[in-house]
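For our numbering, count along the sequence shown from 1 and bump the result up by 55. Structure first, commentary second.
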Amino acid sequence: MAEGFFVQNIGRSHLPTHRNKKDKSALFNYFKTEITMKPTLVLLAAGMGSRYGGLKQLDGLGPNGETIMDYSIYDAIQSGFGKIVFIIRKDFEDQFRQQVLSKYEGHVPVELCFQSIDALPEGFSVPAGREKPWGTNHAVLMAKNVVKEPFCVINCDDFYNRDCFKVMGRFLAELPEGSKNKYAMVGFRVGNTLSDNGTVARGVCSKDAEDHLATVVERTEIERREGVVKYKDEQGEWVAIGDNTPVSMNVWGFTPDYFEYSEAYFKEFLSDPKNMENLKAEFFIPLMVNKLINEGTATVEVLDTTSKWFGVTYAADRQSVVDKIQSLVDEGVYPNKLF
């Protein structure tokens, strides 16, 4: 289901020369280090953006029409990531290739994978009347055949800022070869992730004494009320939380063994009649992560970041995002033209 898209141009000055077996070994190690061992960035780009409307993934917000994910990819490359994988829907492949993929040619290897509602394990079929995709962890599974190294999963329509990629890139790059069951999540401070134009949904996290993720609970309505960050609980009551409470912005770091766990649990998910009867039931990343934590199968280190998130949750957010990006360009954080 994946299609490679990459023609890399490496200047001769960037390559080690080789005149003997020892030098040839150095050349091999160069490519092994520079290409194989670098972590991969997986972008979840199959959603439509129900609150904002339209394909917000392709909305040009930078001074030269750059999208939010262009900045994420630029930050990831600057932070040591070596390959990009997009998860999209097949029906906007042509538009995506024309507007997105072509600009990265010569900068970074890119893979394209497709999430479809009928991508199910053998023995399962789509319930009658279901139109909604199967969720973020199902999307991650679409990358199984092209990701063989440690990888980071992000949303494509969230502006994470560079520190987020630096802390995750460092974690993944320092994992021992063949590492399993040791994952990570970038924990944003909830006060740095709010919208001025309405409530936001965030995974509110708790940590254990070793800074490992203990729980992540999805809160669908969070906002600042009278100067205090609050979320609405199941009873409709507003509950106050501290500005520095870590929340998940869907920035996860995994190793390839995560695909194996996800495949097995997705079958369990589909085998539950409640999930098949509920035509909107989704296989979310936090659902999978919570299961692995509760079973004691894996640990998830919560990585702190000073990054301030922004994004286009509502149409009214758009101009604010444009202005913030322009300010970062003016400050020299980003070049005027990324690619």
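Backbone N, C-alpha and C define an ideal beta-carbon position, used for all residues, glycine too.
Asked, Found
"Below 7 Å, is the gap between the Cβ of residue 381 and the nearest heavy atom of the ligand GTP?", "The ligand GTP is not part of the structure shown, which contains no ligands of any sort."
"Once DSSP output is grouped into helix, strand and coil, what is the label at residue 304?", "strand"
"When you compare the CB positions of residue 231 and residue 308, do they come within less than 8 Å of one another, or not?", "no"
"Would a C-beta distance cut-off of 8 Å place residue 201 and residue 268 closer than the cut-off?", "no"
"Pairs of beta-carbons, one from the stretch 95-103 and one from the stretch 191-201, closer than 8 Å: are there three or more?", "yes"
"Quick one: residues in its chain with C-beta nearer than 6 Å to the C-beta of residue 335, no 5 flanking neighbours on either side, listed in chain order?", "187"
"Identify which residue in 311, 170, 211, 260 has its Cα closest to the Cα of residue 203.", "311"
"Quick one: does residue 234 have its CB under 8 Å from some CB of chain D?", "Chain labels in this structure do not include chain D; a single protein chain is all it has."
"What did DSSP end up calling residue 45 once you bin it into helix, strand or coil?", "In the structure as shown, the chain begins at 56 and stops at 394. Residue 45 is therefore absent and cannot be evaluated."
"Go ahead and label residue 93 buried or exposed: buried means 16 or more other beta carbons lie within 10 angstroms of its beta carbon, across all protein chains shown.", "buried"
"Throw me the rounded Cβ distance for the residue 314 and residue 190 pair, which I believe falls under 8 Å.", "Rounded, the Cβ-Cβ distance is 15 Å, inconsistent with contact."
"What span of residues does the beta strand (DSSP E) with residue 239 cover, start to end?", "237-244"
"In terms of residue numbering, what span does the alpha helix (DSSP H) encompassing residue 127 cover?", "123-133"
"Measure the alpha-carbon distance for residue 360 versus residue 215 and round it to whole angstroms.", "10 Å"
"What's the gap between the Cα of residue 258 and the Cα of residue 273?", "4 Å"
"Alpha carbon to alpha carbon, how far is residue 270 from residue 289?", "17 Å"
"Within a Cβ cutoff of 8 Å, which residues of the same chain sit near residue 142, ignoring the five residues on either side of it in sequence?", "97, 98, 99, 100, 101, 168, 169, 170, 194, 195, 197, 198"
"Between the alpha carbons of residue 106 and residue 213, how many angstroms are there, rounded?", "Since pLDDT at residue 106 reaches only 48, below the 50 mark, its modelled position is unreliable, and the value read off the structure follows with that caveat. Using only the alpha carbons, I get a separation of about 14 Å."
"Comparing C-alpha positions only, which one of 113, 251, 303, 118 sits nearest to residue 378?", "118"
"Drop a sphere of 10 angstroms on the beta-carbon of residue 125, count the other beta-carbons inside from all chains shown, and report buried for 16 or more, exposed for fewer.", "buried"
"With a cut-off of 8 Å on the beta carbons, I'd call residue 139 and residue 128 a contact; round off their distance for me.", "6 Å"
"Once the 5 residues before and after residue 320 are set aside, which same chain residues still bring their CB inside 7 Å of it?", "343, 346"
"Looking at the secondary structure, which residues open and close the beta strand (DSSP E) in which residue 100 lies?", "Where residue 100 is concerned, there is no enclosing beta strand (DSSP E), given that its DSSP letter is neither H nor E."
"Under the DSSP definition of a beta bridge, which residues are partnered with residue 46?", "Shown here, the chain extends from 56 to 394; a query on residue 46 therefore has no answer."
"How far does the alpha helix (DSSP H) with residue 339 in it reach, from first residue to last?", "Looking at the DSSP string, residue 339 is not in any alpha helix (DSSP H), and its letter there is neither H nor E."
"Extract the residue ranges of the alpha helix (DSSP H) inside the stretch 137-192, only unbroken runs of 4 or more that lie entirely within it.", "148-151"
"When you compare each of 236, 249, 155 to residue 275 by their alpha carbons, which one comes out closest?", "249"
"Counting C-beta neighbours from all protein chains within 10 Å, is the total for residue 371 16 or more, i.e. buried, or is it exposed?", "exposed"
"Determine the extent of the alpha helix (DSSP H) in which residue 326 is found, giving its start and end residues.", "312-326"
"Note down the Cα distance separating residue 185 from residue 264, rounded to an integer number of angstroms.", "42 Å"
"Tell me the residue span of the beta strand (DSSP E) that contains residue 206.", "206-210"
"Where does the unbroken beta strand (DSSP E) through residue 388 begin, and where does it stop?", "Unbroken run through residue 388: none, as it is neither H nor E."
"Helix or strand or just coil, what does DSSP make of residue 258?", "strand"
"Using a Cβ-Cβ cutoff of less than 6 Å, which residues in the same chain neighbour residue 295 once the five nearest sequence positions on both sides are dropped?", "283, 285"
"Got a sec, what are the start and stop residues for the alpha helix (DSSP H) residue 222 sits in?", "217-228"
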